[in-house]
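So the sequences go chain by chain: A and B. Those letters in the first sequence? Residues 1 to 240, by the working numbering. Those letters in the second sequence? Residues 1001 to 1313, by the working numbering. Cβ coordinates follow ideal geometry from the N, Cα and C atoms, glycine included. Here the structure is laid out as structure tokens; the discussion comes afterwards.
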Amino acid sequence: MSMLEIRKLSMFFGGLAALHDVNFDVRQGEILALIGPNGAGKTTLFNCVNGFYNPSEGQVLFKGQPISGLKPHKVCQMGIARTFQVVKPLSRMSVFDNVLASAFLRNPTRKGAQDVADEVLHFTGLWDDRDQLSKGLPLGKRKRLEIARALATQPEFLLLDESFAGLNPAELDVSIDIIRGIKQQGITVMIIEHHMKVIMAISDRIVVLNFGQKIAEGSPAEISADRQVVEAYLGEEHGA
Amino acid sequence: MKNNLVPLVVLAVLAGLPLLGLNSYVMHILILSIMWTLAGMAWNLLGGYCGQVSFGHAAFFGMGAYSAGLIHLHLGLSPWWGFLVSLPLVALVALAMGSVVLRLRGPYFVLATLAIGEVLRITCENLTDFTKGTLGIMITRTWVEKTQYYYIILGLALLGFMVCRAIVHSRWGYYFVAIREDQDAAESMGIDTTRYKTIALTVSAMLTGLAGAFYTNYMGYIDPGVVFSLGEISILIIMVVMVGGVATQWGPALGAGIMVILAEYIRSLPLIGVAYQTMFGVLLIVIIIYLPNGLVGDWPVLRRKLLRRGATA
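This is how it looks when you write it as structure tokens:
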């Protein structure tokens, strides 16, 4: 079943087509990776899904319902959470309060929200840092805090924007485990990533964007054999 | 609970103060300080916690004050009913204002608050048939002594304190701070930012209106130039919070005490007394540079500095 349907999606900024006639589906329970060179339109697509942008043309359907044009908080209330490539921690709040504020979405009482926040902090390995101000965290943990905050809204669908960028190898392994754990909870994931090793390891399917257009879609094996993708993005050694 | 003990002790001390037989000037200072504490706590909810800076809280203060004055003038009601009349009136204006202006971000809200305060002052000055314009409205004060007024404003401030405290520790409070820290992040966490900013504005405005309604009853005379004043109300409320501590529980109370006493002191000085607002401006600059979080917010930093000086001396 399709969780998310991207239908003829276009987004123009002035004369520039950041996205042009993009079509694909994200199936329930899978991890779909969105890859492509810088400026290909990946984050623009995320912004069209989560409501920061109202697409110029086309539609986004979530569980069969059109969501384009809804405000971001409405989209989140429907069950789509996201993280940001440039992390946006609520700086002068503790790690715990960051997550707690998110958890209030589906748990209006403090007790209920605290339980969710506790669970999410354990799951993302941030429990020991819960009392720290979030601006004091190192980048790796701030990236994880983004994920924790998104998870605390108890979503069915998660948009991860470069959650692995800038991580060291040890942190990479931690984050890979977290993403796999998210999938096991039954949450569908769409992830933007440049780290090919990570992509090949965790994704079920891959969609490749280039200059705002979809140039390929398929399993990791199919994508790494695709000549167009190799030319546009992966480079020779990966494709061989 | 240790957290609940401090407010109770403070309340007990404040409730006992009039028993000391303080002279009426000291009582006057205390009453004004508590009134400004109420207004400061109200502003702090919106400006400190939710991060939406208002330069026009005189609008709500003045509406509260005129609610009390006008029902007396036109309907012959006791100005004490002004408290009840002001609440829905101020709430309505704040809701209307918030739903329009709080969709915008950045300086637009600040400019709108600045405008609404001035618009109301000028309207009030010119609707002479309704408000008696710059002549102002005079009421007969209920009591000559200060004690009754003291307990009334103490009760109102206690109400304000409990409302703010309850909100700050609830979902609303967390949403306010999330909005202050990053509106895009807040939206993507499912927070309807326009709605919660409007809630913050409305609650803040209502509490400020109560302070205004008290002002009329206590002072016995209001005119637009005073209760809608940019300098003496809107800016002073901000000063109270900035000096005491932005987004802190006790900042407004400390700031109100300092500002009221300072205002009285500077005004009593020969020659420079008339320029007390200039002095406030200088003070504000010093505070922003050296104690951006106010005395309560920067207390740990302040204490370290003082201790170090004590050690070297």
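Residues of its chain near B:Arg1308, where Cβ-Cβ distance is below 8 Å and the 5 sequence neighbours each way are ignored
Excluding sequence neighbours, B:Arg1308 sits near nothing in its chain.
Thinking C-beta only, is B:Leu1038 closer than 9 Å to B:Ile1199?
No, Cβ-Cβ distance for B:Ile1199 and B:Leu1038 is not below 9 Å.
According to DSSP, is A:Ala240 part of a helix, a strand, or is it coil?
Residue placement at A:Ala240 is poorly supported in this model, since its pLDDT is 41, which falls under 50; the coordinates are not used for a value here.
With H, G and I counted as helix, E and B as strand and the rest as coil, what does DSSP make of A:Leu158?
Look at A:Leu158 here: in three-state DSSP terms it is strand.
Closer than 9 Å to chain A by CB, B:Ser1033
With respect to chain A, the C-beta atom of B:Ser1033 has no partner C-beta closer than 9 Å.
On the DSSP letters alone, give me the boundaries of the beta strand (DSSP E) that A:Ser10 sits inside.
Segment Ser2 to Phe13, the beta strand (DSSP E) holding A:Ser10.
If we require 4 or more residues per run, which alpha helix (DSSP H) segments fall completely within the segment 1176-1244 of chain B?
The segment 1176-1244 of chain B contains, as complete alpha helix (DSSP H) runs of 4+ residues, the segments 1183-1188, 1193-1219, 1224-1227 and 1236-1244 (chain order).
How many angstroms separate the CA atom of B:Ser1024 from the CA atom of A:Thr83?
Their Cα atoms are separated by approximately 59 Å.
Is DSSP giving A:Gly58 helix, strand or coil here?
If DSSP states are grouped into helix, strand and coil, A:Gly58 belongs with the strands.
Using C-beta distances below 6 Å, list every residue in its chain close to B:Leu1019, excluding the 5 sequence neighbours before and after it, in chain order.
If we look at B:Leu1019 and ignore the five residues flanking it on each side, it has no Cβ neighbours.
What are the boundary residues of the alpha helix (DSSP H) that A:His122 is part of?
Looking at the DSSP string, the run of the alpha helix (DSSP H) that includes A:His122 is Arg110 to Phe123.
When we look at the beta-carbon of B:Val1006 and count the other beta-carbons within 10 Å, is it buried (16 or more) or exposed?
Residue environment analysis places B:Val1006 among the exposed positions, since fewer than 16 neighbouring C-beta atoms fall within 10 angstroms of its C-beta.
If you follow the beta strand (DSSP E) that A:Gln213 is part of, which residue opens it and which one closes it?
Unbroken beta strand (DSSP E) run through A:Gln213: Gln213 to Gly218.
Whole angstroms is fine: what's the gap from A:Ser94's alpha carbon to B:Gly1021's?
Distance between A:Ser94 and B:Gly1021, taken at the CA atoms: about 46 Å.
Taking the C-alpha atoms as reference points, what is the distance between B:Leu1306 and B:Leu1207?
Each residue's alpha carbon lies about 36 Å from the other.
Quick one, which of A:Gln65, A:Gln132 and A:Met200 has its alpha-carbon nearest A:Leu32's?
Closest by alpha carbon: A:Met200.
Distance between A:Arg92 and B:Tyr1108 (C-alpha atoms, nearest Å):
Going from the Cα of B:Tyr1108 to the Cα of A:Arg92 covers about 24 Å.
The segment 173-197 of chain A: which residues have C-beta closer than 7 Å to a C-beta of chain B, in chain order?
Legend: CB atoms of the segment 173-197 of chain A lying less than 7 Å from CB atoms of chain B are not found in any residue.
With 16 other CB atoms within 10 Å as the buried threshold, where does B:Thr1278 fall?
With fewer than 16 neighbouring CB atoms inside 10 Å of its own CB, B:Thr1278 falls in the exposed class.
Within the same chain, show all residues whose beta-carbon is closer than 6 Å to that of B:His951, passing over the 5 residues directly before and after it, in chain order.
Here chain B comprises residues numbered 1001 to 1313, so residue 951 of chain B is not present and cannot be evaluated.
Terminal residues of the alpha helix (DSSP H) in which B:Ala1253 lies
That run of the alpha helix (DSSP H) goes Gly1251 to Ser1268.
Validate contact between the segment 1291-1300 of chain B and the segment 1246-1256 of chain B using beta carbons, cut 8 Å, 3 pairs:
Result yes; three or more Cβ-Cβ pairs closer than 8 Å.
Neighbouring residues, chain D, relative to A:Lys88 (Cβ below 7 Å):
Protein chains in the displayed structure are A and B, and chain D is not among them.
Got a sec? Which residues, its chain only, sit under 7 Å from A:Ala240 by beta carbon, not counting five neighbours each side?
Confidence is the limiting factor: at A:Ala240 the pLDDT is only 41, short of 50, which leaves the residue's position unreliable, though a coordinate-based value still follows. Hits under 7 Å: none found.
Residue-chain proximity (B:Ser1188, chain A), Cβ-Cβ < 9 Å:
Under the 9 Å criterion on CB atoms, B:Ser1188 is classed as interfacial with respect to chain A.
Could you pull out every residue in the same chain whose Cβ sits closer than 6 Å to the Cβ of B:Tyr1175, ignoring the five residues on either side in sequence?
The residues are Ile1191 and Tyr1196.
Give the secondary structure of A:Phe104 by DSSP, where H, G and I count as helix, E and B as strand, and everything else as coil.
A:Phe104: coil per DSSP, three-state reduction.
Among B:Glu1118, B:Leu1089 and B:Ile1071, whose alpha-carbon lies nearest the alpha-carbon of B:Gly1231?
Per the Cα distances, B:Glu1118.
Could you give the distance in angstroms between the alpha-carbon of B:Leu1092 and the alpha-carbon of B:Thr1216?
So the alpha carbons of these two residues sit roughly 21 Å apart.
Please classify B:Ser1229 as buried or exposed, where buried requires at least 16 other C-beta atoms within 10 Å of its C-beta.
If you draw a 10 Å sphere on the C-beta of B:Ser1229, you find 16 or more other C-beta atoms in it, and that means buried.
Near B:Thr1147, what residues of its chain come up, given a Cβ to Cβ distance below 6 Å and the 5 sequence neighbours on each side ignored?
For B:Thr1147, where only same-chain residues beyond five positions count, the Cβ hits under 6 Å are Pro1018.
Please check the pair B:Tyr1381 and B:Cys1124, which I expect to be a contact at CB under 8 Å, by giving their CB distance rounded to whole angstroms.
Within the shown structure, residues of chain B are numbered from 1001 to 1313, placing residue 1381 of chain B beyond reach of any answer.
Among B:Trp1036, B:Val1010, B:Asn1004 and B:Met1189, whose alpha-carbon lies nearest the alpha-carbon of A:Asn107?
Nearest of B:Trp1036, B:Val1010, B:Asn1004 and B:Met1189 to A:Asn107, Cα basis: B:Met1189.
C-beta contact flag for A:Lys111 and A:Asp129 at 9 Å:
Cβ distance not < 9 Å, so A:Lys111 and A:Asp129 don't count as in contact.
So what does DSSP say about A:Ser94, is it helix, strand or coil?
Reduced to three states, the DSSP call for A:Ser94 is strand.
Kindly indicate which residue of A:Pro155, A:Leu16, A:Asp177 and A:Val198 has the alpha-carbon position closest to the one of A:Val75.
Minimum Cα-Cα distance from A:Val75 among the listed residues A:Pro155, A:Leu16, A:Asp177 and A:Val198 corresponds to A:Pro155.
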